[in-house]
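Asks:
Residue numbers (my numbering): 1129 to 1264.
#1: Taking the beta carbon of residue 1137 as the centre, do at least 16 other beta carbons fall within 10 Å, making it buried, or is it exposed?
#2: In whole angstroms, what separates the C-alpha of residue 1198 from that of residue 1180?
#3: Sort 1182, 1134, 1200, 1147 by Cα distance to residue 1217 and report the nearest one.
#4: Are at least three pairs of beta-carbons, each pair with one atom in the segment 1206 to 1225 and one in the segment 1150 to 1158, less than 8 Å apart?
#5: Grab the span of the alpha helix (DSSP H) containing residue 1208 for me, first residue to last.
#6: Provide the residue span of the alpha helix (DSSP H) that contains residue 1172, from first to last.
#7: Measuring straight from C-alpha to C-alpha, what distance separates residue 1130 and residue 1209?
#8: Tell me whether the beta-carbon of residue 1139 lies closer than 7 Å to the beta-carbon of residue 1178.
#9: For residue 1182, report the span of its beta strand (DSSP E) as first-last.
#10: So, with DSSP's three-state summary, where would you put residue 1136?
#11: Just mark residue 1142 as buried or exposed, buried being the case when its beta carbon has 16 or more other beta carbons within 10 Å.
#12: Mark residue 1200 as exposed unless 16 or more other C-beta atoms lie within 10 angstroms of its C-beta, in which case mark it buried.
#13: For residue 1207 and residue 1162, which I take to be in contact (beta-carbon distance under 8 Å), what is that distance rounded to the nearest angstrom?
#14: Hey, could you find the ends of the beta strand (DSSP E) residue 1189 is sitting in?
Set out below in structure tokens:
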């Protein structure tokens, strides 16, 4: 069960992957519920983050995926990664190997990392040595 909020871009990402996976995995029911229109279910299932995916097997809640952390924590994870994560929780019949972690790419830069700035020093600029006393 995919709990979504229409204003969330990340919910659209999950929806796109589920739309790709649903025709291939007829053994699983993919359900999409608007969280804003279902406050009873949201409270009952302890949904606190969007998107949230509640995996129910035989009428029991087995696992809840809150956010995108299990998919690598990025917005542009692959459908294969989505299938692998759902397969590990037995939501779908997927026995493939783990896809490459989307955060392991050396060329990818986290939007939360500070980028180093290069500072050009002119020939006349003074550099500070370890031997300099600042408080003399």
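Where a beta carbon is used, it is the ideal one built from N, C-alpha and C, also for glycine.
Replies: Taking the definition as stated:
#1: Residue 1137 comes out exposed.
#2: Roughly 11 Å between the two C-alpha positions.
#3: The shortest C-alpha separation from residue 1217 is found at 1182.
#4: Yes: at least three Cβ pairs fall under 8 Å.
#5: From DSSP, the alpha helix (DSSP H) with residue 1208 extends over 1207 to 1216.
#6: Note, residue 1172: alpha helix (DSSP H), 1167 to 1172.
#7: Residue 1130 and residue 1209: Cα-Cα distance of roughly 17 Å.
#8: Yes.
#9: Residues 1180 to 1185.
#10: Three-state DSSP puts residue 1136 in coil, outside helix and strand.
#11: Its Cβ being crowded by 16 or more others within 10 Å, residue 1142 is buried.
#12: Buried is the call here.
#13: Going by Cβ atoms, the distance from residue 1207 to residue 1162 rounds to 23 Å, so no, they are not a contact pair.
#14: In the DSSP assignment, residue 1189 falls within the unbroken beta strand (DSSP E) covering 1188 to 1194.
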